[in-house]
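Have a look at the structure below, then the notes.
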Amino acid sequence: MLGREATLVASLTDTERGLLTGLLEKLTVDVRRRVAEPGS
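Numbering-wise, the numbering used here puts 37 at position 32 of the sequence shown, and it's gapless, one number per residue.
Printed below as a string of structure tokens:
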């Protein structure tokens, strides 16, 4: 599965990759915040 994702990322343009990376970072921060503050 990781191989397919790596191929997909490699086929993106730099702009698309930048947008995707930013989105993933936002999601990761949001998830960490929820885990750190249970019940909120």
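No residue lacks a Cβ here, since even glycine has one placed at the ideal position from N, Cα and C. Remember, it's a predicted structure, so these values are computed and weren't measured experimentally.
By DSSP, does Gly44 sit in helix, in strand, or in coil? Position 39 of the sequence shown, counted from the first residue, corresponds to residue 44. The answer is coil: DSSP assigns Gly44 none of H, G, I, E or B.
Would Leu28 pass as a contact of Leu17 if the rule is Cβ separation under 8 Å? Counted from its first residue, the sequence shown places residue 28 at position 23. Counted from its first residue, the sequence shown places residue 17 at position 12. No, the Cβ-Cβ distance between Leu28 and Leu17 is not below 8 Å.
Under three-state DSSP, which class holds Leu17? Within the sequence shown, residue 17 is the residue found at index 12, counting from 1. DSSP places Leu17 in the coil class of the three-state scheme, outside both helix and strand.
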